[in-house]
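Visitor: Top line first, the protein sequences correspond to chains A and B.
Counting from 1, position 147 in the first sequence corresponds to residue 154 in our numbering; the numbering is continuous, with no gaps.
Counting from 1, position 113 in the second sequence corresponds to residue 120 in our numbering; the numbering is continuous, with no gaps.
Where is the CB? At the ideal position from N, CA and C, for every residue including glycine.
Bear in mind the structure is a predicted one, so any value in this text is a computation, not a measurement.
Take this structure first; my questions come after.
Protein chains: 2
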Amino acid sequence: MQNLPIVLGIDIGGTNTKFGFVDREGRCLADGAIPTLGDQPPGQMFQRLHAGAAELLAGLDGCELAGIGVGAPNANYYTGTIDLPPNLSWPWVDLRAELAPHFQVPVAATNDANAAAMGEMLFGAARGMRDFIVITLGTGLGSGIVVNGEVVYGFSGFAGEIGHTIVDPAGRLCGCGRRGCLEVYASASGLMLTVAELLAGNGAPSLLRGLEPGQMTSKLIFEAAQAGDRLALEAFDRTGDLLGRKLADAVAYTGPEAIFLFGGLVSAGDLLFDPTRRAMEANLLNIYQGTVKLLHSGVPEGKAAILGAGALIWNELARAGRN
Amino acid sequence: MQNLPIVLGIDIGGTNTKFGFVDREGRCLADGAIPTLGDQPPGQMFQRLHAGAAELLAGLDGCELAGIGVGAPNANYYTGTIDLPPNLSWPWVDLRAELAPHFQVPVAATNDANAAAMGEMLFGAARGMRDFIVITLGTGLGSGIVVNGEVVYGFSGFAGEIGHTIVDPAGRLCGCGRRGCLEVYASASGLMLTVAELLAGNGAPSLLRGLEPGQMTSKLIFEAAQAGDRLALEAFDRTGDLLGRKLADAVAYTGPEAIFLFGGLVSAGDLLFDPTRRAMEANLLNIYQGTVKLLHSGVPEGKAAILGAGALIWNELARAGRN
Chain A
8 MQNLPIVLGI DIGGTNTKFG FVDREGRCLA DGAIPTLGDQ PPGQMFQRLH
58 AGAAELLAGL DGCELAGIGV GAPNANYYTG TIDLPPNLSW PWVDLRAELA
108 PHFQVPVAAT NDANAAAMGE MLFGAARGMR DFIVITLGTG LGSGIVVNGE
158 VVYGFSGFAG EIGHTIVDPA GRLCGCGRRG CLEVYASASG LMLTVAELLA
208 GNGAPSLLRG LEPGQMTSKL IFEAAQAGDR LALEAFDRTG DLLGRKLADA
258 VAYTGPEAIF LFGGLVSAGD LLFDPTRRAM EANLLNIYQG TVKLLHSGVP
308 EGKAAILGAG ALIWNELARA GRN
Chain B
8 MQNLPIVLGI DIGGTNTKFG FVDREGRCLA DGAIPTLGDQ PPGQMFQRLH
58 AGAAELLAGL DGCELAGIGV GAPNANYYTG TIDLPPNLSW PWVDLRAELA
108 PHFQVPVAAT NDANAAAMGE MLFGAARGMR DFIVITLGTG LGSGIVVNGE
158 VVYGFSGFAG EIGHTIVDPA GRLCGCGRRG CLEVYASASG LMLTVAELLA
208 GNGAPSLLRG LEPGQMTSKL IFEAAQAGDR LALEAFDRTG DLLGRKLADA
258 VAYTGPEAIF LFGGLVSAGD LLFDPTRRAM EANLLNIYQG TVKLLHSGVP
308 EGKAAILGAG ALIWNELARA GRN
């Protein structure tokens with residue numbers, strides 16, 4: 008009997024690195040996590056990663072490793088390197104060179120949002136779609152754009168940064184050094200800034216008033232909004248309004264069939280989707296109106312990063328005709 | 008001896024329809040034009056077009072028609088139809104059905120900006136590039152986006168409308184019914200509006216002051232700027248500044264290797280390119296800085312529409328393995 012081919016999906020984060028074995032149908036057969044320890048040399052992390060993964064693999068009878076997919080901030084699809092990853096003190100990492108001593112299989116890498124788009128296409132709600140966009144709403148805003156059934160990497164390997172298109176040239180300062188990026192409005196941190204501005208702007212009562220600095224979370228804002236807090240509701244409305252306006256612009260670029268929202272902030276559900284959908288539809292050029300679906304991601308949140316990284320390498324293997 | 012395969016490129020405009028025969032190397036062997044007469048049934052136009060084209064073809068010894076490409080406003084690549092074309096009273100035209108009685112060859116259609124992108128890729132300065140954007144700056148602003156060597160048509164067939172992304176939600180009214188579209192700032196008509204605003208805004212002397220309504224043209228503004236007129240120079244600076252900012256956003260979407268500017272307004276040269284390049288570079292996310300070329304189109308202006316339409320069908324024939 009032939010062994011079942013599986014791939015290893017790795018998601019390198021600022022704090023933890025998650026990994027898991029994924030079969031061709033998108034089942035995660037086993038998974039684990041280790042601390043990334045980004046202040047130590049990357050070689051140490053890959054050694055610990057190998058130890059953890061090898062142990063998991065030993066428990067998977069009849070499976071054979073066919074490839075490795077990696078999702079990481081600033082990972083470049085063409086070069087297989089991570090360049091100046093935010094939240095890690097590694098200046099530059101050659102993923103293929105780091106993995107080669109441990110695993111002798113093909114490796115593919117991209118950033119986490121592009122991996123999420125790949126996961127959506129192979130294992131999620133975008134199955135069968137050839138043109139769609141995935142927006143990840145976490146601390147920041149990531150985006151993966153799919154055109155003609157392929158993730159858009161661009162000439163440099165860094166395409167798909169809708170979070171860094173400009174909402175307001177005189178607006179909030181962004182971590183990228185510029186002002187008014189969408190990411191500083193439509194994200195968990197953007198939502199918190201909006202609440203802070205609303206609290207400072209008027210004296211209306213709110214459940215969110217009087218919190219100590221650092222106590223505010225998007226979860227607290229969500230709970231306040233659910234309890235009917237007007238200020239919290241207004242913050243979600245403003246967030247969705249700006250996001251929807253920029254999604255209307257995104258449609259004018261690549262004309263997607265659907266836009267998927269994914270990530271922590273999406274658990275707010277209709278509180279976020281309703282104003283986003285309203286603003287998007289109101290700002291679409293007439294030829295697009297009523298044609299673009301705004302949907303929840305179909306990839307289970309907990310395993311999404313591993314499944315996305317796994318989907319990335321499954322897609323490469325399929326293109327190379329290996330599996 | 009085998010006949011030389013050639014294609015017919017057609018550009019349907021609001022006033023005139025141009026057509027010409029294009030070989031595989033992008034040479035236009037013969038071309039002509041007829042009035043479109045958009046207030047009469049489209050069948051009449053296609054009959055006159057056939058008469059003109061057949062006469063030209065008869066003069067091309069040893070050539071054989073392999074296909075027809077059509078560029079027209081609102082032409083849909085997937086359906087081969089023109090839907091509610093602006094400046095024509097035709098509600099809906101099935102291009103393949105209209106051409107079938109006259110020519111028994113494959114037909115492909117798209118809008119004029121996408122055809123321009125195809126022309127740039129096959130016959131112009133984008134040869135060998137897989138990721139680039141063409142911006143056509145005429146009365147309005149059109150755009151054709153190429154990703155992975157393919158024009159982006161999107162799910163609906165209408166992708167690539169950067170002219171209808173929003174510069175200012177409270178800004179100038181656009182022909183599309185919304186406010187603040189890039190097209191009403193960065194285009195010949197946008198430039199004229201900017202001059203009108205500058206003239207109304209202060210009493211500074213200008214060569215452009217005192218023109219009768221309707222006398223203003225982008226050519227007069229260009230000539231005034233060349234003569235050192237400060238107001239005209241300021242108008243070009245503002246136009247380039249807004250265009251450059253939005254091109255920085257465009258880079259964040261598809262990460263192109265180059266952006267080509269094309270069309271009447273581009274004859275202003277450095278007056279337009281300098282402020283555009285400056286604003287684009289100043290507003291690029293750090294990972295893109297210094298990586299994107301802003302270039303003149305490499306397709307000769309006079310024949311560009313015909314060459315673009317010809318390139319469209321040459322590309323289809325190559326994909327189908329016919330030629």
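#1: Is the shortest distance between the beta-carbon of aspartate 175(B) and the beta-carbons of chain A less than 7 Å?
#2: With 16 other CB atoms within 10 Å as the buried threshold, where does asparagine 94(B) fall?
#3: Using a threshold of 7 Å, state whether the C-beta atoms of alanine 82(A) and alanine 116(A) are closer than that.
#4: Answer yes or no: does any C-beta atom of chain A fall closer than 7 Å to that of threonine 298(B)?
#5: Are the stretch 269–276 of chain B and the stretch 297–315 of chain B touching, with three or more C-beta to C-beta distances below 8 Å?
#6: Would you kindly work out how many angstroms separate the C-alpha atoms of isoleucine 313(B) and threonine 143(B), rounded to a whole number?
#7: Helix, strand or coil: which one does DSSP assign to serine 304(B)?
#8: Does the separation of the CB atoms of alanine 242(B) and leucine 205(B) fall below 7 Å?
#9: Where does the unbroken beta strand (DSSP E) through lysine 226(B) begin, and where does it stop?
#10: I need the boundaries of the alpha helix (DSSP H) containing glycine 208(A), first residue and last residue.
#11: So for glutamate 157(B), helix, strand or coil by DSSP?
#12: So isoleucine 173(A) packs on cysteine 183(A), CB below 8 Å; how close in whole Å?
#13: Between arginine 245(B) and alanine 286(A), what straight-line distance do the alpha-carbon atoms span, to the nearest angstrom?
#14: Mind the definition here: the stretch 314–330 of chain A touches the stretch 15–33 of chain A only if three or more C-beta pairs lie below 8 Å; say whether that holds.
#15: Pick out the complete alpha helix (DSSP H) segments inside the stretch 49–102 of chain B, 4 residues or longer, and give them in chain order.
#16: Check whether chain A comes within 7 Å of alanine 166(B), counting only Cβ atoms and requiring the distance to be less than that.
#17: Checking the sheet assignment: what are the DSSP bridge partners for alanine 4(A)?
#18: If contact is defined by three or more beta carbon pairs under 8 Å, each pair taking one atom from either stretch, is the stretch 74–90 of chain A in contact with the stretch 117–131 of chain A?
#19: Return the first residue and the last residue of the beta strand (DSSP E) that leucine 36(B) is part of.
#20: Going along chain A in order, which residues have a C-beta closer than 7 Å to the C-beta of valine 154(B)?
#21: In whole angstroms, what is the alpha-carbon distance linking cysteine 35(A) and alanine 122(A)?
#22: Whole angstroms is fine: what's the gap from proline 113(A)'s alpha carbon to glycine 87(B)'s?
#23: Does DSSP put proline 212(B) in a helix, in a strand, or in coil?
#24: Can you give me the C-alpha to C-alpha distance between glycine 21(B) and isoleucine 169(B), rounded to a whole angstrom?
#25: Give the interface partners of asparagine 293(A) over in chain B, defined as CB-CB distance under 8 Å, in chain order.
#26: Drop a sphere of 10 angstroms on the beta-carbon of glutamate 190(A), count the other beta-carbons inside from all chains shown, and report buried for 16 or more, exposed for fewer.
#27: On a CA-only basis, which of Asn155(A), Leu215(A), Arg186(A) is nearest glutamate 264(A)? Give me that one, please.
#28: Excluding the 5 residues flanking phenylalanine 130(B) on each side, which residues of the same chain have their C-beta closer than 7 Å to its C-beta?
#29: Per the DSSP calculation, arginine 186(B) is bridged to which residue(s)?
#30: Output yes if chain B places a C-beta closer than 7 Å to the C-beta of serine 7(A); else output no.
#31: What in chain A is Cβ-close to alanine 259(B), meaning under 7 Å?
#32: Could you list the residues in the stretch 13–26 of chain A with a C-beta less than 9 Å from some C-beta on chain B, going in chain order?
#33: What is the C-beta distance between glycine 167(B) and glycine 151(B), in whole angstroms, given that I count them as a contact (C-beta under 8 Å)?
#34: Applying a beta-carbon distance threshold of less than 8 Å, which residues of chain B neighbour glutamate 190(A)?
#35: Give the residues of chain A in contact with glycine 262(B), contact being defined as C-beta atoms less than 9 Å apart.
#36: So is aspartate 277(B) in contact with chain A if we call contact Cβ pairs under 7 Å?
Guide: By the coordinates alone:
#1: no
#2: exposed
#3: yes
#4: yes
#5: yes
#6: 15 Å
#7: coil
#8: yes
#9: It is not in any beta strand (DSSP E) - lysine 226(B) instead sits in the alpha helix (DSSP H) that spans 225–233.
#10: 195–208
#11: strand
#12: Going by Cβ atoms, the distance from isoleucine 173(A) to cysteine 183(A) rounds to 11 Å, so no, they are not a contact pair.
#13: 28 Å
#14: yes
#15: 49–65
#16: yes
#17: Outside the shown range of chain A (8 to 330) lies residue 4(A), about which nothing can therefore be said.
#18: yes
#19: 35–42
#20: Val154, Val159
#21: 15 Å
#22: 42 Å
#23: coil
#24: 21 Å
#25: Cys183, Gly184
#26: buried
#27: Asn155(A)
#28: Gly33, Val306, Leu314, Ala318
#29: Leu180(B)
#30: Any property of residue 7(A) remains undetermined from this structure, which presents chain A solely from 8 to 330.
#31: Glu168, Ile169, His171, Thr172
#32: none
#33: 5 Å
#34: The contacting residues do not exist; glutamate 190(A) stays about 11 Å from chain B at best.
#35: Val159, Tyr160, Gly161, Phe162, Ser163, Gly164, Phe165, Ala166, Gly167, Glu168
#36: no
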